[in-house]
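**Student:**
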Amino acid sequence: DAMVIQNPRYQVTQFGKPVTLSCSQTLNHNVMYWYQQKSSQAPKLLFHYYDKDFNNEADTPDNFQSRRPNTSFCFLDIRSPGLGDAAMYLCATSKGQGEHEQFFGPGTRLTVL
Amino acid sequence: AQKVTQAQTEISVVEKEDVTLDCVYETRDTTYYLFWYKQPPSGELVFLIRRNSFDEQNEISGRYSWNFQKSTSSFNFTITASQVVDSAVYFCALGPDSWGKFQFGAGTQVVVTP
Chain L
8 DAMVIQNPRY QVTQFGKPVT LSCSQTLNHN VMYWYQQKSS QAPKLLFHYY
58 DKDFNNEADT PDNFQSRRPN TSFCFLDIRS PGLGDAAMYL CATSKGQGEH
108 EQFFGPGTRL TVL
Chain V
48 AQKVTQAQTE ISVVEKEDVT LDCVYETRDT TYYLFWYKQP PSGELVFLIR
98 RNSFDEQNEI SGRYSWNFQK STSSFNFTIT ASQVVDSAVY FCALGPDSWG
148 KFQFGAGTQV VVTP
């Protein structure tokens with residue numbers, strides 16, 4: 008089945024220790040998104056790619072970086088995680104071009120010690 | 048700027064009752080898309096429906112139905128004969144804007160008890 012896969016599902020890191028979250032898709036969608044979701048809140052967009060075009064949200068901290076080496080994969084790098092970065096990180100994809108519904112992965116739960 | 052308001056924080060119902068989730072949106076765009084997503088306790092957001100701004104037809108899918116009214120800028124969602132498996136947080140969303148961003152509402156927690 009075509010899907011959005013996130014690894015790992017759970018990530019524990021220490022304060023200040025870099026971490027990379029990965030997302031892959033078999034849907035061949037043009038657009039990929041990274042969201043941060045904290046408890047009882049709506050997802051908050053961090054970045055998105057339309058093909059290779061990178062779009063950074065104005066309020067996304069510099070501590071967060073992203074890479075999309077090819078259509079299928081996208082990575083979220085957190086250079087120096089703080090306690091406030093503990094959250095669920097959701098990857099999503101969409102076709103774009105009039106079909107904008109997003110398909111989400113299961114998320115990575117990040118814990119910062 | 049786009050905005051989505053889900054005024055209901057939590058709705059609790061007993062199984063088999065109907066439940067309606069309200070969504071009110073604001074946008075200056077003439078072409079836009081509205082969505083509903085379900086987030087069960089497992090955490091994965093699941094796409095339920097997309098509605099285009101130029102298509103005001105209501106839609107029914109099994110026990111789910113959606114009422115889109117441009118005149119009141121609302122896109123409400125009704126679950127008929129609710130079941131325990133409907134317990135989840137439901138998000139209404141609007142977009143994309145010119146930057147490709149979607150605006151999510153705050154979500155409505157639906158609790159269905161047996």
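First to last, the sequence lines map onto chains L and V.
Heads up, the first sequence is in this note's numbering, so the first residue is 8 and it goes up one at a time.
Heads up, the second sequence is in this note's numbering, so the first residue is 48 and it goes up one at a time.
No residue lacks a Cβ here, since even glycine has one placed at the ideal position from N, Cα and C.
1. Please report the residue range of the beta strand (DSSP E) in which Gln-116 (chain V) lies.
2. Please name the residue in L:Asn-77, L:Gln-43, L:Ser-29, L:Ser-46 whose C-alpha comes closest to that of Asp-58 (chain L).
3. Using the three-state DSSP reduction, which class does Gly-114 (chain L) fall into: helix, strand or coil?
4. Where Val-71 (chain V) and Pro-50 (chain L) are concerned, what is the direct C-alpha to C-alpha distance, given to the nearest angstrom?
5. In whole angstroms, give me the CA-to-CA distance for Gly-154 (chain V) and Val-51 (chain V).
6. Does Lys-148 (chain V) come within less than 8 Å of chain L when only Cβ atoms are used?
7. In chain order, which beta strand (DSSP E) runs of at least 3 residues are fully inside the region 39 to 76 of chain L?
8. What's the C-alpha gap between Gly-23 (chain L) and Ser-79 (chain L)?
9. What are the residues that DSSP puts in a beta bridge with Asn-99 (chain V)?
10. For the beta strand (DSSP E) containing Glu-73 (chain V), list its first residue and its last residue.
11. CA-CA distance, His-107 (chain L) and Gln-116 (chain V)?
12. Would a C-beta distance cut-off of 8 Å place Val-66 (chain V) and Ile-126 (chain V) closer than the cut-off?
13. For Ser-130 (chain V) and Gln-32 (chain L), I'd like the C-alpha separation in whole angstroms.
14. Tell me, which residues are paired with Met-95 (chain L) by DSSP?
15. Would Ala-54 (chain V) be called buried (16 or more neighbouring beta carbons within 10 Å of its own) or exposed?
16. Distance cutoff 8 Å, beta carbons only. Does Phe-115 (chain V) sit that close to anything in chain L?
17. In whole angstroms, what separates the C-alpha of Phe-54 (chain L) from that of Asn-70 (chain L)?
18. Identify which residue in V:Phe-94, V:Phe-82, V:Thr-78, V:Thr-119 has its Cα closest to the Cα of Gln-150 (chain V).
19. Looking at Lys-63 (chain V) and Ala-128 (chain V), is the spacing between their C-beta atoms short of 8 Å?
20. If you count every other CB in all the chains shown that lies within 10 Å of the CB of Gln-48 (chain L), and 16 or more means buried, which is it?
21. If the cut is a Cβ gap below 7 Å, which residues of chain V does Tyr-57 (chain L) touch?
22. Which residue from L:Lys-45, L:Tyr-40, L:Gln-18 puts its Cα closest to that of Asp-60 (chain L)?
23. Which residues in chain L have a C-beta closer than 7 Å to the C-beta of Gly-154 (chain V)? List them in chain order.
**Tutor:** On the basis of the coordinates in this document:
1. It spans 111 to 116 - the beta strand (DSSP E) in which Gln-116 (chain V) sits, taken as one unbroken run.
2. Here the closest residue by C-alpha is L:Asn-77.
3. coil
4. Looking at the two C-alpha atoms, the distance is approximately 18 Å.
5. The straight-line gap from Cα to Cα measures roughly 10 Å.
6. yes
7. 51 to 57, 60 to 63, 71 to 74
8. 29 Å
9. Answer is V:Tyr-80, bridged to Asn-99 (chain V).
10. 71 to 73
11. 20 Å
12. yes
13. At residue 130 (chain V) the sequence reads Gln, which differs from the Ser that was named. Those two C-alpha atoms are separated by around 31 Å.
14. L:Gln-44, L:Arg-116
15. Answer is exposed; the Cβ neighbour count stays below 16.
16. no
17. 13 Å
18. The shortest C-alpha separation from Gln-150 (chain V) is found at V:Phe-82.
19. yes
20. exposed
21. Near Tyr-57 (chain L) (Cβ distances below 7 Å), the residues of chain V are Gly-147.
22. L:Tyr-40
23. Ala-49
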